[in-house]
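Residues 2 to 172, numbered by my numbering, are exactly what the sequence shown covers, in order. Ideal Cβ placement from N, Cα and C applies to all residues, glycine included. See structure below.
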Amino acid sequence: MQLESMYQEIILDHYRRPKGRGLREPYDIEVHHVNPTCGDEITLRVRLSGNEIQDISYEGMGCSISQASASVLYELLDGKDIAHMLATGDDFRTLMQSKGDPTVAEKLEDSLEDAVAFAGVSKYPSRIKCALMSWMALKDATAQALTAHEQSSSQTTHLQSSSPTAGKENT
Ligand code: ZN
Numbered sequence: 002m003q004l005e006s007m008y009q010e011i012i013l014d015h016y017r018r019p020k021g022r023g024l025r026e027p028y029d030i031e032v033h034h035v036n037p038t039c040g041d042e043i044t045l046r047v048r049l050s051g052n053e054i055q056d057i058s059y060e061g062m063g064c065s066i067s068q069a070s071a072s073v074l075y076e077l078l079d080g081k082d083i084a085h086m087l088a089t090g091d092d093f094r095t096l097m098q099s100k101g102d103p104t105v106a107e108k109l110e111d112s113l114e115d116a117v118a119f120a121g122v123s124k125y126p127s128r129i130k131c132a133l134m135s136w137m138a139l140k141d142a143t144a145q146a147l148t149a150h151e152q153s154s155s156q157t158t159h160l161q162s163s164s165p166t167a168g169k170e171n172t
């Protein structure tokens, strides 16, 4: 019981005082995700530098679980590399599938930090989507940003190799 109320406090604290909230520039990709069953929305921007997530910024509206989840996500993953983000995302999904099993939450505590407070949500299937929405938005935005980076770098290579006279035109 004590643990449950501590978890509640963590979620409410992130809801009332969200970390990193607000849309910032510059950014690579902006995505908009909705959770129609609850009416939650998030607009999330991501900026990558190589394999590192340099900035996550977001705006959203909806229930306390969905909004607190975005704040926790920012705190955990802003400035981290993509591999770490994917691994942490997998851990969070595992927590959401744990159906309230406290041993799962215990094992994931080190990896998930404040995000482990959402353990109780896993008992309520209708709320799991609220907690996962921002995580899915971040994964989506990162994948799109990576694709965009790949395309622009292969385009550059293509231009350089296919136009040997391009340099002459400038002289
Ligand atoms: Zn919700």
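Return helix, strand or coil for residue i, following the three-state DSSP convention.
| i | result |
| --- | --- |
| S58 | strand |
| E26 | coil |
| S50 | strand |
| G95 | It should be pointed out that residue 95 corresponds to Thr in this sequence rather than to Gly. Helix, per DSSP. |
| T44 | strand |
| D102 | coil |
| D14 | helix |
What does the Cβ neighbour count give for residue i, buried or exposed, with the cut at 16 atoms within 10 Å?
| i | result |
| --- | --- |
| A71 | buried |
| Y75 | buried |
| A118 | buried |
| D91 | exposed |
| K169 | Only weak support is given to the placement of K169: the predicted model assigns it a pLDDT of 47, under 50, and the question is left unresolved by the model. |
| H15 | buried |
| G40 | exposed |
| H33 | exposed |
| N36 | buried |
| A132 | buried |
Hey, how far is the Cα of residue i from the Cα of residue j?
| i | j | result |
| --- | --- | --- |
| E31 | K100 | 32 Å |
| T89 | D79 | 12 Å |
| A138 | I57 | 11 Å |
| T104 | Q3 | 16 Å |
| E5 | G121 | 7 Å |
| L113 | M97 | 12 Å |
| N52 | K140 | 13 Å |
Tell me the residue span of the alpha helix (DSSP H) that contains residue i.
| i | result |
| --- | --- |
| Y75 | 65-78 |
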